[in-house]
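S.K.: Protein sequences appear in the order of chains S, U, H and P.
Residue numbering for the first sequence follows the numbering used here, starting at 1 and increasing by one per position.
Residue numbering for the second sequence follows the numbering used here, starting at 307 and increasing by one per position.
Residue numbering for the third sequence follows the numbering used here, starting at 452 and increasing by one per position.
Residue numbering for the fourth sequence follows the numbering used here, starting at 839 and increasing by one per position.
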Amino acid sequence: MDILQPIIALFFFPAGLFVLGNGLAYMWVDRKLVAQYQNRIGPRWFQPLADVMKLLSKEEIIPENVDPRLFIGLPLLALACALTAALYAPLLGFQPVLSFEGDLIVTVYLLSVVTMSLALAGSNTADRFSLIGAVRTLTQLFSYEAPFLLALLGPAIVAGSWQISTINAFAGNHWIVLTQPIGFVIALIGLMGKLELPPFDAPEAETEIVKGALTEYSGRGLALFQLAKSVELVVGLTLIAAFYFGGIANPITFFLKTLILLLVLAGLQSLFARFRIEQTARWWRYASLLLLVQWVIIAVLGGKTL
Amino acid sequence: MKLPIAGMLRDVVESLFKRPMTEKYPFEKHPAPERLRGELMWNPEKCTGCCLCSKDCPSNAIELITIDKKAKRFVMEYHADRCTYCAQCVQNCRFDCLNMSNTQWELAALSRKPFTVYYGKDEDVQIILDKQAGAKTPQPKPVTT
Amino acid sequence: MTTLEKFIVPIGPQHPALKEPGHFEFTVDGETVTAATVRLGYVHRGIEKATENRNWTQNLYLLERICGICSHTHALCYSLGVEALAEVTAPPRAQAIRSLVAELERVHSHLLWLGVAAHEAGFDTLFMYSWRDRETIMDVLEGLTGNRVNYSANVLGGVKFDVDDKQTDTIRRGIDYLEERTHHYLSVVTTDNTFVQRTRGVGTLPREQAEDIGVIGPMARASGIARDVRVDAPYAAYAQFPVNVIVETAGDLEARFVVRLKELFESYRLIREILEKMPTGDLTVRMPRKVKEGETISRVEAPRGEAFYFIKSNGGEKPERVKVRTPSLCNFTSVIATAPGHQLADMPMILAGIDPCFSCNDRMVVLNGESLMTWEQLRQYGIEYYK
Amino acid sequence: MKAVLVFIDGIICDYRQREHLSGTPDYIKRDVILKDAPMPDSRRGLHELAPRYNLVYMAARPEEARKATEDWLAAMNYPQGPLFLGITPADRLALAPALLDQFEFEGGLGTHWEDNELHLELGCKSIILKEFEVDWEIVRRYLLGQEHTALHVAIDLLTPRALKITEPAVHRVDAYLDAGRLLPAVKSLHDARWGYLSAITGLDDVQANEIEVLYHFCNRAAVATLRVRISRDKAAIPSICSIKAGATFFERELSEMFGIEVLGTPNTDRLFLPDEWPPDVHPLRKDYIVPEPVEN
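1. Using the three-state DSSP reduction, which class does E835 (chain H) fall into: helix, strand or coil?
2. Does the beta-carbon of P1129 (chain P) have 16 or more other beta-carbons within 10 angstroms, so that it is buried, or is it exposed?
3. Quick check: the stretch 781-793 of chain H against the stretch 711-723 of chain H, are at least 3 beta-carbon pairs closer than 8 Å?
4. Measure the Cβ-Cβ separation of A687 (chain H) and S550 (chain H) and say whether it is below 8 Å.
5. Quick check: the stretch 1035-1046 of chain P against the stretch 1010-1023 of chain P, are at least 3 beta-carbon pairs closer than 8 Å?
6. Comparing the C-beta of G792 (chain H) with each C-beta of chain P, is any distance below 8 Å?
7. Given a cut-off of 8 Å, decide if K763 (chain H) and L1041 (chain P) are closer than it, judged by their beta-carbon atoms.
8. Could you have a look at C359 (chain U) and say whether DSSP puts it in helix, strand or coil?
9. Over what stretch of residues does the alpha helix (DSSP H) that includes A50 (chain S) continue unbroken?
10. Check I176 (chain S) in the structure and name its three-state DSSP category.
11. What separation, rounded to the nearest whole angstrom, lies between the Cα atoms of P542 (chain H) and V552 (chain H)?
12. Strictly below 7 Å CB to CB, what residues from chain U border N504 (chain H)?
13. What does L370 (chain U) pair with, by DSSP beta-bridge criteria?
14. Any beta carbon from chain H within less than 8 Å of A273 (chain S)'s own beta carbon?
15. Which residues of chain H have a Cβ atom closer than 7 Å to the Cβ of D201 (chain S), listed in chain order?
16. Residue range of the beta strand (DSSP E) that F845 (chain P) falls in?
17. May I have the straight-line CA-CA distance separating Q509 (chain H) from K769 (chain H), to the nearest angstrom?
18. Beta-carbon within less than 7 Å of Q940 (chain P)'s beta-carbon, same chain only, minus the 5 sequence neighbours each way: which residues are those?
19. So the alpha helix (DSSP H) D864 (chain P) belongs to, where does it begin and stop?
20. Determine the direct distance from the alpha carbon of Q47 (chain S) to that of L83 (chain S), and round the result to whole angstroms.
21. Name the one or two DSSP bridge partners that I1003 (chain P) has.
22. Taking DSSP as the reference, what is the three-state secondary structure of I762 (chain H)?
23. On the CB-based measure, 16 or more other CB atoms within 10 Å of its CB, does R632 (chain H) come out buried or exposed?
24. Mind listing the chain H neighbours of R343 (chain U)? Cutoff is C-beta to C-beta under 8 Å, in chain order.
25. Using Cβ-Cβ distances below 7 Å, what residues of the stretch 578-591 of chain H are close to chain U?
26. Check the Cβ of N39 (chain S) against every Cβ in chain U and list those closer than 7 Å, keeping chain order.
27. Take the Cβ of E714 (chain H) as the centre, count every other Cβ of all protein chains shown within 10 Å, and call the residue buried at 16 or more, exposed below.
28. Would the stretch 312-331 of chain U and the stretch 173-186 of chain S be scored as touching if the rule is three or more Cβ pairs under 8 Å?
29. What is the C-beta distance between L704 (chain H) and G654 (chain H), in whole angstroms, given that I count them as a contact (C-beta under 8 Å)?
30. For D813 (chain H), which residues of its own chain have a beta-carbon under 8 Å away from its beta-carbon, when the five flanking residues on both sides are left out?
31. For V234 (chain S), which of helix, strand or coil comes out of DSSP?
32. Check each candidate in P:M1095, P:P1116, P:I1078, P:L937 and name the one with the smallest Cα separation from T1103 (chain P).
33. Just mark E1091 (chain P) as buried or exposed, buried being the case when its beta carbon has 16 or more other beta carbons within 10 Å.
34. Shorter than 8 Å from the beta carbon of L872 (chain P) to some beta carbon of chain H?
35. Along the stretch 645-658 of chain H, what residues have a CB closer than 8 Å to any CB found in chain S?
36. Closer than 8 Å by beta-carbon distance: list the chain H residues that pair up with R128 (chain S), in chain order.
This is how it looks when you write it as structure tokens:
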């Protein structure tokens, strides 16, 4: 039975099949919501799944002048990192499979590796759109990473721990969104930047550089990157809901809170025109500053008001 | 209400509670407007065989085949796949023999066969078909009028 | 940059930014564009040549198909030219209906453009909404003319159909709705900060430069040049229904948005006025099959600017020569001129800013009688080709 | 020399950018005024008037704005002339005796009925124009006479440079040239800022074994066409790109479609025809027969 437990945890729940399915379902919810906001129908429920299945069954074209090991390995790395990150997240409100003091930092950086491998995949190919996309992905990574991390550390500081499960438990009694609204907004927008959702989709702006770093990807590689993104979406939403939205105690609060966040996320996606990459970078400078201000306030009040 | 940012906020929020505008076309259809220019229809009763319709057809979609001019026996071979649906033939016809249907406009098909349509009396169409038999002519779809 | 190889970003002929096949090459230094070139002709159909083998009436429908968006413009421009050659004038009611359809088409085109330009800026919500509302005008045109794209409203010597009371009501209702929406869009594109930062001061074409290049249509009017054929040389019914020219002086993308959207109001006003004061009378006059020998120049203000036709007749049933100069060709130079110094991200916007219409420019196709290829052959061909 | 009174606001000056400041002191601040845009066509219009008339400017602005207004006029390169200021119509009407002392007026340009009163007082032609939408053709017609409408300007410009000038239709002038006369003719139109190059048409005349190239210039309703005939066998024509940069597309099209060598054109790459198209086949020549379409 000792062996069975980690196998289930890795392949079925919470990582593995469950989080993949959940990710695809949330991708669909996101697309459907954006469609609804734009007064159109949107895809049917199985569309993301069908896309992935179709891509998996297709021939993977490896372009010339690339390192084939990197080309094949990077999507795997991205998905592996995203799935590992899921092990640390309190999915469905259950205790995370892996947990230790400081796992918040590990999780955030695992999520960053997903983006890094995306950028590497782009710079690995000789395609011009991919190269520009890779440069933009990295630029965007550097600009949102700091504020996103700072925004997640805000609740960590008031909870007095850098362990996700502890913060989650602490947040169960405190709606940190009320005391740290700036942090919440920046965390949410940071997640959009991380996932390259509109309006922060300059790295894959289709009207300029087709699909950015992933232009040369087809078939399996593309499918794996998409899966990694959808897992990233679930993990990101879980973290924000756990930290800012009164914690996640059970499956009902999990779905309720993440879906409400998704509703807001989809709304934000449909309200703005795309930022140019240098505009994105500028935006995040202000975000970091605002967060530092909030930190000073928290430090001064010493978390007593909480 | 003018916001400096998110100018579409009202539309977006309202849409959340509205039905999507998208028409689910093959499942829900609304009737075509009266003037829609669909497939060409020919009424042989009044036709004098002047061929004005085929002369000005920009895409050579109309062939008027005379069997017996005196008896006013004509067959019209109409190529719906060449037709540009401009209705110049309708405009040209002085005897109101032609009109464009506003009901028959879903013309997609998997082969080219259904796009060649013969109009005329059954026996006349048969004569034409017999003439063309042997050659690789497509199976026609006779239309009785 | 001098020692490095030039880094060229191709946009088109197949690229998600341009759904039409034009090919642009932008040389970039980082994110900044330093040079631009254009290559057209991917869907050249040889229409000018083809006109020489068709009779006057057949050409009307051929030319109508030059452009899917301003089809009426081309048919109208050609009809007016041929009528001038034949010394025939269409009756006043026909002319009014021609202007009416032209204005409806302008509404359709500008709304379509608004969506495309918004999409290039990554503002898909505006894109979806403007195209949703564009359906209104498409339905109006379909109800009025019988087709959504190639209206085929003109015949030589007049128009095909009349406007009855029922049509009038439908058009009025559609226009009322669209006017309200256009006010909304105008406020969005001029106040929404995320959008304005993508348009204000971007792709600026100063008046002097615009005059040198000879840009036309809304491009010229956004750069402060009051150039509009409907006013300068009124055709159809524009003498009876005068147009107020909308001019903006900024010359940037925002000004192009404002000009086009304000032109919509002008079109709504014209449509209402035409419906109200529609002259009575016949719809057509008799047109000879053979057109007198001679030459004529016919100009019509398309939604994108002046369409220019030069028609020469040798007295026969077919034209000797029909020269078509479409508005986009005049405006492409401005893209090449304004692109350097801008961000790569601005390129789709600047391109969209001129409302390019590639099918307008391309009018020739190669027909080679090569046999069909099997899938295996095609694949082999592809491998060989790209080796 | 007689004088013309030019009202600045709304005729040559587009002050709408500062309209929202109306009533505040900023409204007439120097920096703000200097940001006003000149009205389209107004500079050309006034420069056309300047050789024939003294220009007297008038504006509905307070005395404090005099320096700024004068600077604006200079900065925008308008012809020189004295400036009179009066905020209300009554103020301006009161200036009439002083004006009449110095000048004899031929006409006045205004935008409102009150301007008309002033013009009556000055005893001159009153030309009331639509604010912000000035049609300078009207001004030309009344102050410069028929010979100065766009078409006649073109005829004047082209007559010394052409072999023959005809007016085939209303608003149209055709100038027949040979290849050597083309550039001077285009340059004269360009230097006079006469319209814009609208199109270049090629006409293949098999019987005469010549190709005729038509350069169409449009200026409002007027169309000036420069017609050059060149030999069909060794077709060559000088490029006008050095004068009209926008001609490059037209010239590329011309050389592809008619096989005319355009001498000195900056770019000879294919524009419309496919790369694999044979170089000596020119589809718009009459001897090119369109192949029958193959139906499969």
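Just so you know, even glycine gets a beta-carbon here, dropped at the ideal spot from N, CA and C.
M.R.: The short version:
1. helix
2. exposed
3. no
4. yes
5. no
6. no
7. yes
8. helix
9. 47-57
10. helix
11. 16 Å
12. The premise fails here: N504 (chain H) is roughly 11 Å from chain U at the closest Cβ pair, so nothing lies under 7 Å.
13. U:M382
14. yes
15. G573
16. 841-845
17. 9 Å
18. none
19. Per DSSP, D864 (chain P) belongs to no alpha helix (DSSP H) and is neither H nor E.
20. 22 Å
21. P:A1013
22. strand
23. buried
24. G597, N598, S603
25. Y580, R583
26. S321, K324, P326, M327
27. buried
28. no
29. 5 Å
30. Residue placement at D813 (chain H) is poorly supported in this model, since its pLDDT is 49, which falls under 50; the coordinates still yield a value, given next. Around D813 (chain H): P472, L491, G492, Y493, V494, H495, R496.
31. helix
32. P:I1078
33. buried
34. no
35. T645, F646, Q648, R649
36. F458, I459, V460, P461
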